[in-house]
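Participant: Those sequence lines, one after another, are chains A and B.
Under the working numbering, the letters of the first sequence match residues 37 to 310, in that order.
Under the working numbering, the letters of the second sequence match residues 610 to 935, in that order.
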Amino acid sequence: MKVAALIVGEPRGPELWTLRKISSVRCEAHVVQALHKSVAPKWKLLRSRIRELGFFATASRWLGKRLIGAREEERAEQVLDELFDVQSLREWWAQCGLAPVRVPQLNHPDCKAAIEKIAPDVIVRVSGGILKPHIFSQAKLAALNIHHGRAPLIRGVSSTPWGIIENRPEWIGATIHLIDQGIDTGAVLWRGAPQLTPGDTDVTLHFRIHLEAVDALVRILEEYAATGSARARVAATHEASTYRSAFGLGAWTKFLLLRRGRSSRVLLERAIEC
Amino acid sequence: MLAALSSISLGLAHHFKAGGVVINEHVLSREETARHVETFGRWFDFIHLRDLPERLHRRYKKPFCLLTFDDGKRNNVTVVAPELQRLGVPAVFFVVSRALDRGTPFWFDRYEALRRKLGALPFGLQPHIVKQLPYAMLTDRVERACSQHGIEVDLNDDNIRPMTWEDARSLYRRGFTIGAHGTTHAIMTRETKPDACENISKSIARVTEETGEPCSSFAFPNGNYTAELAQHAIRCGVQTVMTTEPTWMDHAFPLWRVPRLQFFGTDSRTKIELKTAVAATGRILSNPDGTGRVYCAINRLARTRPKDFLSPFEKEKLSRPNHNFE
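1) Using 8 Å as the Cβ pair cut-off and three pairs as the minimum, do the segment 712-727 of chain B and the segment 806-815 of chain B touch?
2) Considering only residues of the segment 695-783 of chain B, which uninterrupted alpha helix (DSSP H) runs meet the minimum length of 4 residues and lie entirely inside it, listed in chain order?
3) What is the DSSP secondary structure of Ala307 (chain A), counted as helix, strand or coil?
4) Check whether chain B comes within 8 Å of Ser163 (chain A), counting only Cβ atoms and requiring the distance to be less than that.
5) Any beta carbon from chain B within less than 8 Å of Cys310 (chain A)'s own beta carbon?
6) Determine, using beta carbons only, whether Met851 (chain B) and Arg869 (chain B) come nearer to each other than 8 Å.
7) Quick check on DSSP: helix, strand or coil for Trp865 (chain B)?
8) Is any beta-carbon of chain B found at less than 8 Å from that of Gln123 (chain A)?
9) Report yes or no: is there a C-beta of chain A within less than 8 Å of the C-beta of Val631 (chain B)?
10) Taking DSSP as the reference, what is the three-state secondary structure of Leu177 (chain A)?
11) Which whole-angstrom value is the C-beta distance of Ala949 (chain B) and Arg306 (chain A), which I expect to be below 8 Å?
12) Does any residue of chain A bring its CB to less than 8 Å from the CB of Tyr669 (chain B)?
13) Counting C-beta neighbours from all protein chains within 10 Å, is the total for Cys310 (chain A) 16 or more, i.e. buried, or is it exposed?
14) Taking DSSP as the reference, what is the three-state secondary structure of Pro930 (chain B)?
15) For the ligand NAD, is there a heavy atom less than 7 Å away from the beta-carbon of Val698 (chain B)?
16) Ordered along the chain, which non-local residues of its own chain (more than five positions away) have a Cβ less than 7 Å from that of Arg563 (chain B)?
17) I want to see whether chain B comes within less than 8 Å of Gly199 (chain A), judged by CB atoms only; does it?
18) Sort out for me which residues DSSP pairs Gln871 (chain B) with in a bridge.
19) Identify, in the order they occur along the chain, each residue of the same chain with its Cβ nearer than 7 Å to the Cβ of Asp710 (chain B), setting aside the five sequence neighbours on each side.
20) Where does Lys78 (chain A) fall in DSSP's three states?
21) Assess contact between the segment 62-74 of chain A and the segment 156-173 of chain A, defined as three or more Cβ pairs (one per stretch) separated by less than 8 Å. Is contact present?
22) Determine the burial state of Thr240 (chain A): buried for a count of at least 16 other Cβ atoms within 10 Å of its Cβ, exposed for fewer.
23) If the cut-off is 7 Å on Cβ atoms, which residues from the segment 222-242 of chain A count as contacting chain B, listed in chain order?
24) On the premise that Ile212 (chain A) lies in contact with Leu232 (chain A), defined as a C-beta separation below 8 Å, what is that separation, rounded to the nearest angstrom?
25) Can you give me the C-alpha to C-alpha distance between Gly697 (chain B) and Arg782 (chain B), rounded to a whole angstrom?
26) Leu883 (chain B) to Leu225 (chain A), Cα distance in whole Å?
27) Could you give the first and the last residue of the continuous alpha helix (DSSP H) run that contains Gly286 (chain A)?
28) Can you give, in chain order, each stretch of the beta strand (DSSP E) that sits fully within the segment 200-257 of chain A and has at least 3 residues?
29) Give the residues of chain B in contact with Ser60 (chain A), contact being defined as C-beta atoms less than 8 Å apart.
30) Quick check on Asn633 (chain B): buried or exposed, where buried means 16 or more other Cβ atoms within 10 Å of its Cβ?
31) For Thr913 (chain B), does the three-state DSSP call read helix, strand or coil?
32) In the DSSP output, what is Met858 (chain B) paired with across the bridge?
33) At a CB distance below 9 Å, what residues from the segment 740-764 of chain B approach chain A? Give them in sequence order.
34) Using a Cβ cut-off of 7 Å, which residues of the segment 837-854 of chain B contact any Cβ in chain A, in chain order?
35) Please give the ranges of any alpha helix (DSSP H) in the segment 139-185 of chain A, keeping only runs that are unbroken, at least 4 residues long and fully inside the region.
36) Would you mind telling me which residues of chain A sit closer than 9 Å to Ile813 (chain B), beta carbon to beta carbon, in chain order?
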């Protein structure tokens with residue numbers, strides 16, 4: 037079986053962990069590395085954002101990212117690098133012999149050509165943005181995604197922080213699903229949740245969620261390798277589905293006031309309620 | 610000056626505070642054991658674990674003190690227990706069942722040896738990181754670093770070597786209580802829920818099997834807990850579940866969330882008195898489980914909730930017609 041793992045930029049701790057685990061499966065692993073998340077000009081992205089969200093929401097999101105988000109994201113990535121022991125993973129990455137095929141962006145025609153050449157049975161989106169059909173349809177068996185939230189209950193990005201600030205424990209977890217045209221709407225193959233514990237933060241939760249999800253991904257890939265298919269372990273439900281995108285300034289402020297989750301009810305209550 | 614201040618503070622706490630303290634120790638020398646017992650004995654009545662529910666719900670002249678020792682090191686059998694026996698002080702010894710089965714050193718002793726030898730810890734092994742890792746990942750990382758730097762721990766040292774089951778049975782025969790402290794010393798909240806539950810239930814079953822008496826208490830390794838795991842331990846048959854929240858215990862605390870004050874052998878009498886007095890406020894000390902003062906918010910939240918989850922022991926007490934609850 038051939039597996040094509042898609043990543044964007046230099047892989048950090050969580051991505052390297054995923055790649056290492058994928059390479060442990062009895063399969064021919066390939067890595068396609070996009071240099072940029074998007075190649076569209078910034079003004080075009082801004083215009084489409086304003087059309088989609090409105091001026092004030094876009095401004096709030098931009099301010100949130102500038103004032104708090106960028107710093108918080110960097111901090112989270114540093115902690116995750118330590119948790120995943122990125123130094124030893126980088127050593128592995130340098131020696132593993134997985135030579136990534138570099139493309140400008142994941143939805144770029146060059147990427148399509150690179151994937152066509154690999155002719156993968158399974159595509160795994162390890163990091164990056166939304167994949168377009170001409171990319172994910174290249175997989176003979178399945179295109180898989182790890183969503184760090186419990187889809188379809190919560191879709192989009194930052195599901196764990198959203199669960200913390202909106203007091204929704206049921207959102208915190210991870211899902212492995214087939215990639216389709218929607219955002220986190222594909223058939224669910226696995227869904228799990230870590231133990232929510234007082235003292236946790238969004239980063240420690242993300243770490244444990246990712247460990248569990250990658251273990252599940254390995255099991256699913258092994259099933260594909262053995263049988264050529266994987267059965268959906270989670271029956272299709274009619275749960276109310278919520279979509280959340282990036283934090284605005286208000287959400288970032290609330291998140292910091294909750295000490296990144298340490299003071300959130302959703303975690304404190306785990307000490308006194310089941 | 611500090612000694613006088615600590616005595617006055619503890620005197621005030623002793624006067625105004627109901628309940629008592631549960632003390633969490635690990636390994637002590639004979640002199641340290643005697644010093645700790647002498648310090649606590651001035652202010653508290655030493656109690657047996659079985660007397661804890663009674664002491665929580667009835668006011669006595671002196672507050673209580675329950676001594677507990679975690680991990681089940683051989684030092685507890687060779688040094689601590691004989692001294693406690695000589696002084697007539699009861700205690701609970703929490704043992705890690707697989708360590709007693711195999712006689713292997715704990716990950717934190719190897720980690721400590723690594724820290725001593727290298728001075729600075731390698732990347733990915735800093736204290737704030739290791740305690741976030743699941744047990745398999747943690748032991749793998751520590752083992753790798755130890756073999757890379759040629760570090761071995763001295764298993765002839767009673768402060769490192771775990772006791773045997775025969776030692777545990779001998780403690781039990783001498784009137785001490787043996788409690789469960791996990792199959793491994795995994796931080797239960799870092800494991801998946803099924804793994805944590807299995808770890809807890811197997812350790813409780815193993816203590817019951819080896820001592821021949823139902824295991825009555827469980828202590829969370831490192832102190833990290835959730836209500837769900839504590840409830841699981843209660844379902845496995847224990848009556849009390851210990852954490853490391855650094856506060857005094859009174860009737861407001863359920864028996865499935867017993868707070869404990871952690872002390873070490875090197876702590877002086879002044880430090881012990883001051884720390885015990887400060888713990889009476891329930892809001893100043895940091896929880897050694899790494900969660901800081903999150904426990905203050907938990908306890909505030911708990912006080913707003915009805916006491917809807919009782920251990921079988923508490924239920925039995927409540928069902929008695931003439932109970933003396935405050």
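For glycine and all other residues, C-beta sits at the position ideal for the given N, C-alpha and C.
All values reported here derive from a predicted model rather than from experimental measurement.
Facilitator: With the given structure in hand:
1) Flag = no, the segment 712-727 of chain B and the segment 806-815 of chain B do not touch.
2) Counting only unbroken stretches of 4 or more residues, the alpha helix (DSSP H) elements lying wholly within the segment 695-783 of chain B are 706-711, 716-727, 736-739, 744-758, 774-782, in sequence order.
3) DSSP places Ala307 (chain A) in helix when its eight states are reduced to three.
4) False, the Cβ-Cβ gap to chain B never drops below 8 Å.
5) Using a CB distance cut-off of 8 Å, Cys310 (chain A) counts as an interface residue toward chain B.
6) Contact: yes.
7) In the three-state reduction of the DSSP assignment, Trp865 (chain B) falls in the coil class, being assigned neither a helical nor a strand state.
8) Chain B contact via Cβ: present.
9) It does not: the Cβ of Val631 (chain B) has no partner Cβ on chain A nearer than 8 Å.
10) Coil, per DSSP.
11) A query on residue 949 (chain B) cannot be resolved here, the shown segment of chain B reaching from 610 to 935 and no further.
12) For Tyr669 (chain B), no Cβ of chain A is located within less than 8 Å of the residue's own Cβ.
13) With fewer than 16 other Cβ atoms within 10 Å, it is exposed.
14) Because the pLDDT at Pro930 (chain B) is just 45, under 50, the model does not fix this residue reliably, and the point stays unresolved.
15) Among the components of this structure there are no ligands whatsoever, and the ligand NAD is therefore not found.
16) Chain B is shown only over 610 to 935; residue 563 (chain B) falls outside these bounds and no answer can be derived.
17) With respect to chain B, the C-beta atom of Gly199 (chain A) has no partner C-beta closer than 8 Å.
18) Answer by DSSP bridge pairing, in chain order: B:Asn633.
19) Contacts found: none.
20) Helix, per DSSP.
21) Verdict: yes, contact present.
22) Result: buried.
23) Only those residues of the segment 222-242 of chain A whose C-beta falls short of 7 Å from the nearest C-beta of chain B are listed: Gln231, Thr233, Pro234, Gly235, Thr240.
24) That pair is no contact at about 20 Å.
25) Rounded to whole angstroms, Gly697 (chain B) to Arg782 (chain B) spans 15 Å at the Cα level.
26) If you take the alpha carbons of Leu883 (chain B) and Leu225 (chain A), they lie about 55 Å apart.
27) It spans 285-293 - the alpha helix (DSSP H) in which Gly286 (chain A) sits, taken as one unbroken run.
28) Annotation note: the segment 200-257 of chain A contains the following uninterrupted beta strand (DSSP E) runs of length 3 or greater, listed N- to C-terminal: 210-214, 224-228.
29) The premise fails here: Ser60 (chain A) is roughly 14 Å from chain B at the closest Cβ pair, so nothing lies under 8 Å.
30) By the neighbour-count criterion, in which a residue is buried when 16 or more other Cβ atoms sit within 10 angstroms of its Cβ, Asn633 (chain B) is buried.
31) In the displayed model, Thr913 (chain B) falls within coil according to three-state DSSP, outside both helix and strand.
32) Under DSSP, Met858 (chain B) takes part in a beta bridge, and its partners are B:Gly629.
33) The residues in question are Gln741, Leu742, Pro743, Met746, Arg750, Arg753.
34) Per Cβ criterion, the list reads Glu837, Gln840.
35) Within the segment 139-185 of chain A, the complete alpha helix (DSSP H) runs of at least 4 residues are 145-154, 169-172.
36) Those do not exist, as Ile813 (chain B) stays about 18 Å from chain A at its closest Cβ, beyond 9 Å.
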